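Novice: Each residue of the sequence shown is one higher than the one before, counting from 1 in the UniProt record's numbering.
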Amino acid sequence: MGCSSSKTEPAYLRCTPLEETEVRSFKQERSKEHHEHTYAACATMDPPPPLPISSSKVGIYSNAGYKRRFGCPPQTTNQDRGLISYPLGGNSEQMMLAVFDGHGDYGHEVSDFVAFTLPREYELRPPGDVEHRLCCAATATERKMREKFPTAADKSGTTAVAAVLSPTGLTVACVGDSRCVLGRSLPCGGWEAVPLTIDQTGSLEEEAARIKAAGGTLHVNPCKNSCRVIHPEGYSLAMTRALGDWVFDGMGKICDPVFTTVELGAEDRCVILASDGLWEFITSQEAIDICLQHHESATKACRALITQATFQWQKVHKGDYRDDITIIVAFLKDLFDNASADDQEGAARTVVLDAAGTKLQPDQCGS
1 MGCSSSKTEP AYLRCTPLEE TEVRSFKQER SKEHHEHTYA ACATMDPPPP
51 LPISSSKVGI YSNAGYKRRF GCPPQTTNQD RGLISYPLGG NSEQMMLAVF
101 DGHGDYGHEV SDFVAFTLPR EYELRPPGDV EHRLCCAATA TERKMREKFP
151 TAADKSGTTA VAAVLSPTGL TVACVGDSRC VLGRSLPCGG WEAVPLTIDQ
201 TGSLEEEAAR IKAAGGTLHV NPCKNSCRVI HPEGYSLAMT RALGDWVFDG
251 MGKICDPVFT TVELGAEDRC VILASDGLWE FITSQEAIDI CLQHHESATK
301 ACRALITQAT FQWQKVHKGD YRDDITIIVA FLKDLFDNAS ADDQEGAART
351 VVLDAAGTKL QPDQCGS
């Protein structure tokens, strides 16, 4: 049953975070049985499509951005992808959450491919150090992408922020400027935002030093608070680490993840992973405060975050532009006690979310 709204209510304040004309498409697969299903439904669908774990504990939403050009229809291809994979590597106490923000002409194809390939490559590595497995998985994913997209990913790529969760720990791998934030309860009440990633751009001294040492050029725009890598042929890249974007490889761009590992305690309440469409106007603390307000449901928290971010984009850009926004929220208390019996069988289910209605083909998924 769809959500309704009054005639005078702006579209960006409706209870659904997506516009009525947008479609969410889901692909779910079981890595052992090789069963594949595609879920496509209108944005107001209720209840939400099947997830590998309770939607009250893990929520995922994506809102396609757009760019209006005079005399042309708005561009609406969503290049973001959101991923939930559980159980991970046959381990019912391990889960992967990830967000990928594609860019360039083929950014949506790159983010599709990486979203399905990264968890598979992680599972192929022998059990052990999570950071090492994630690093090897990222390297293997980049290598396979070169085989699949020998030229398309020259000037297209994706960020990646991936979190591997267990009952006692959290390891985050970050490539680019998508972010992960931990919400931690305070003795005096409320939740505190603990950033677990730092945007990897030329604004960081060590990142800028690597680009310059490789002969690369950086362009600083104080008005936009940005520092982009500039290619001699005129291409530019907002981040200094990415999967794909191979024309920048000789200029210091790398795909190596930056890791953060934390032990989780009772005070650690939630995790947010999101593309920069959220963080452009919403601070880490504001995002955690919204999650606290909706602590009974991760899906409701995602909806609220999407709605607030969409409102801010509308307010600033007057409907002319909005970046893709993809958000995953996980509430950590008793997280692994909420898996269904079916999910305990060791057959990992991977759900990738795309708000643009794109149908993900098997050959886009690393098979």
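Cβ atoms here follow ideal geometry from the backbone N, Cα and C, with glycine treated the same way.
It should be emphasised that the depicted structure is a prediction, and the values quoted were computed from it without experimental measurement.
Measuring CB to CB, does Ala160 end up less than 9 Å from Pro257?
Specialist: Counting from one through the sequence shown, the residue named residue 160 turns up at place 160. Counting from one through the sequence shown, the residue named residue 257 turns up at place 257. It is a contact, given that the beta carbons lie within the stated cut-off.
Novice: Identify which residue in Asp154, Arg269 and Ser185 has its Cα closest to the Cα of Lys253.
Specialist: Indexing the sequence shown from 1 puts residue 253 at position 253. Cα-wise, what sits closest to Lys253 is Asp154.
Novice: Give a yes or no on whether the C-beta atoms belonging to Val247 and Glu233 are separated by under 9 Å.
Specialist: Along the sequence shown, one-based indexing puts residue 247 at 247. Along the sequence shown, one-based indexing puts residue 233 at 233. Result yes, Cβ atoms of Val247 and Glu233 sit closer than 9 Å.
Novice: Taking the beta strand (DSSP E) that Ser185 belongs to, which residues open and close that run?
Specialist: Numbered from its first residue, the sequence shown carries residue 185 at position 185. That run of the beta strand (DSSP E) goes Arg179 to Ser185.
Novice: Between the alpha carbons of Trp313 and Pro127, how many angstroms are there, rounded?
Specialist: As a first step, residue 313 must be located in the sequence shown, where it is residue number 313. As a first step, residue 127 must be located in the sequence shown, where it is residue number 127. Those two C-alpha atoms are separated by around 43 Å.
Novice: Rounded to the nearest angstrom, how far is the Cβ of Cys270 from that of Ala330, given a contact under 8 Å?
Specialist: Reading the sequence shown from its first residue, position 270 is the one you call residue 270. Reading the sequence shown from its first residue, position 330 is the one you call residue 330. About 6 Å; that satisfies the 8 Å criterion.
Novice: In the DSSP assignment, what residue or residues form a beta bridge with Ile84?
Specialist: On the sequence shown, residue 84 is found 84 positions in, with the first residue counted as 1. Its beta-bridge partners are Leu97 and Val351.
Novice: Between Asn63 and Leu305, what straight-line distance do the alpha-carbon atoms span, to the nearest angstrom?
Specialist: Within the sequence shown, numbered from 1, the residue matching residue 63 stands at position 63. Within the sequence shown, numbered from 1, the residue matching residue 305 stands at position 305. Asn63 and Leu305: Cα-Cα distance of roughly 11 Å.
Novice: Count the other C-beta atoms from every protein chain shown that fall within 10 angstroms of the C-beta of Glu123, then say buried if there are 16 or more, exposed otherwise.
Specialist: Translated into positions along the sequence shown, residue 123 becomes position 123. By the neighbour-count rule (16 or more Cβ atoms within 10 Å), Glu123 is buried.
Novice: Among Cys223, Glu109, Ala152 and Ser275, which has the Cα closest to the Cα of Ala98?
Specialist: Here residue 98 refers to the residue found at position 98 when the sequence shown is read from its first residue. The option with the nearest alpha carbon to Ala98 is Ser275.
Novice: Which stretch, first to last residue, makes up the beta strand (DSSP E) that contains Pro195?
Specialist: Walking along the sequence shown from the start, residue 195 turns up at place 195. Trp191 to Pro195 is the extent of the beta strand (DSSP E) around Pro195.
Novice: Taking all protein chains shown into account, decide if Arg349 is buried (16 or more other Cβ within 10 angstroms of its Cβ) or exposed.
Specialist: Here the question's residue 349 lines up with position 349 in the sequence shown. Per the 10 Å Cβ criterion, buried.
Novice: Below 9 Å between beta carbons: does that hold for Leu243 and Met145?
Specialist: Against the sequence shown, residue 243 aligns to sequence position 243. Against the sequence shown, residue 145 aligns to sequence position 145. Contact: yes.
Novice: If we call anything under 9 Å between Cβ atoms a contact, is Glu85 one with Ser297?
Specialist: The count along the sequence shown starts at 1 and reaches residue 85 at position 85. The count along the sequence shown starts at 1 and reaches residue 297 at position 297. A small correction: the amino acid at residue 85 is Ser; Glu does not occupy that position in the sequence shown. Going by C-beta atoms, Ser85 is not nearer than 9 Å to Ser297.
Novice: In terms of residue numbering, what span does the beta strand (DSSP E) encompassing Tyr235 cover?
Specialist: On the sequence shown, position 235 is the one that residue 235 refers to. Segment: none, Tyr235 is in no beta strand (DSSP E) and carries neither H nor E.
Novice: Classify Asp245: buried if its beta carbon has 16 or more other beta carbons within 10 angstroms, exposed otherwise.
Specialist: The residue given as residue 245 occupies position 245 in the sequence shown. Asp245 comes out buried.
Novice: Give the secondary structure of Phe336 by DSSP, where H, G and I count as helix, E and B as strand, and everything else as coil.
Specialist: Reading the sequence shown from its first residue, position 336 is the one you call residue 336. Phe336 falls in the helix class under three-state DSSP.
Novice: Span of the beta strand (DSSP E) holding Ile327?
Specialist: Taking the first residue of the sequence shown as position 1, residue 327 is located at position 327. Its beta strand (DSSP E) spans residues Ile325 to Phe331.
Novice: If you reduce the DSSP assignment to three classes, tell me which class Ala160 lands in.
Specialist: Working through the sequence shown from its first residue, we reach residue 160 at position 160. If DSSP states are grouped into helix, strand and coil, Ala160 belongs with the strands.
Novice: What would DSSP say about Thr201, mapped onto helix, strand or coil?
Specialist: The count along the sequence shown starts at 1 and reaches residue 201 at position 201. Coil.
Novice: What is the rounded straight-line gap between the Cα of Tyr61 and the Cα of Ser236?
Specialist: To locate residue 61, count along the sequence shown from 1; it is residue 61. To locate residue 236, count along the sequence shown from 1; it is residue 236. If you take the alpha carbons of Tyr61 and Ser236, they lie about 29 Å apart.
Novice: Since Gln94 contacts Ser166 with CB under 8 Å, what's their CB separation in whole angstroms?
Specialist: As a position in the sequence shown, residue 94 is number 94, starting the count at 1. As a position in the sequence shown, residue 166 is number 166, starting the count at 1. The Cβ separation is near 5 Å, so the contact holds.
Novice: Report the CB separation of Cys174 from Thr197 in whole angstroms; it is logged as a contact under 8 Å.
Specialist: What you label residue 174 is simply residue 174 of the sequence shown in a count that begins at 1. What you label residue 197 is simply residue 197 of the sequence shown in a count that begins at 1. 4 Å between Cβ atoms; contact.
Novice: Find the nearest neighbour of Thr260 within the set Pro222, Ile211, Glu206 and Arg179, judged by alpha-carbon distance.
Specialist: Locating residue 260 in the sequence shown gives position 260, counting from the first residue. Answer by Cα proximity: Arg179.
Novice: When the distance is taken between beta carbons, is Tyr106 closer than 9 Å to Ser156?
Specialist: Numbered from 1 along the sequence shown, position 156 holds the residue referred to as residue 156. Numbered from 1 along the sequence shown, position 106 holds the residue referred to as residue 106. Result yes, Cβ atoms of Ser156 and Tyr106 sit closer than 9 Å.
Novice: May I have the straight-line CA-CA distance separating Ile272 from Ala287, to the nearest angstrom?
Specialist: One-based indexing of the sequence shown puts residue 272 at position 272. One-based indexing of the sequence shown puts residue 287 at position 287. Taking the straight line joining both Cα atoms gives about 8 Å.
Novice: What three-state label does DSSP hand Tyr321 in the structure shown?
Specialist: The residue you call residue 321 lines up with position 321 of the sequence shown. Three-state DSSP puts Tyr321 in a strand.
Novice: Starting from the Cα of Thr139, find the closest Cα among Thr117, Asp129, Ala152 and Thr151 and give me that residue.
Specialist: Taking the first residue of the sequence shown as position 1, residue 139 is located at position 139. Closest by alpha carbon: Thr117.
Novice: How is the alpha helix (DSSP H) around Thr171 delimited, first residue to last?
Specialist: On the sequence shown, position 171 is the one that residue 171 refers to. Here Thr171 belongs to no alpha helix (DSSP H); instead the beta strand (DSSP E) covers Gly169 to Val175.
Novice: So Phe116 is in the alpha helix (DSSP H); what residue range does that whole segment cover?
Specialist: Position 116 of the sequence shown holds residue 116. Start and end: Gly107 to Leu124.
Novice: Here's the rule: buried if 16 or more other CB atoms are within 10 angstroms of the residue's CB, otherwise exposed. What is Pro187?
Specialist: For the purposes of this step, residue 187 is taken as the residue at position 187 of the sequence shown. With fewer than 16 Cβ atoms within 10 Å of its Cβ, Pro187 is classed as exposed.
Novice: Label Gly65 either buried or exposed according to how many other C-beta atoms from any shown protein chain fall within 10 Å of its C-beta, with 16 as the threshold for buried.
Specialist: As a first step, residue 65 is located in the sequence shown; it is residue number 65 there, counting from the start. Buried, because 16 or more other Cβ atoms sit within 10 Å of the Cβ of Gly65.
Novice: Along the chain, which unbroken stretches of the alpha helix (DSSP H) at least 4 residues long are found entirely within the region 228 to 300?
Specialist: The region 228 to 300 contains these whole alpha helix (DSSP H) runs: 276 to 279 and 284 to 293.
Novice: Let me confirm a value: Glu109 is counted as buried when at least 16 other C-beta atoms fall within 10 Å, else exposed. Which label applies?
Specialist: For this step, residue 109 is matched to residue 109 along the sequence shown. Label assigned to Glu109: buried.
Novice: Determine the DSSP secondary structure at Leu305, reduced to helix, strand or coil.
Specialist: Your numbering for residue 305 matches position 305 in the sequence shown. Three-state DSSP puts Leu305 in a helix.
Novice: Quick check: what's the CA-CA separation for Ala356 versus Phe113?
Specialist: Here residue 356 corresponds to residue number 356 of the sequence shown, with the count starting at 1. Here residue 113 corresponds to residue number 113 of the sequence shown, with the count starting at 1. Because Ala356 carries a pLDDT of 47, less than 50, the predicted location of this residue cannot be relied on, and the following value inherits that uncertainty. Cα-Cα distance, rounded: 16 Å.
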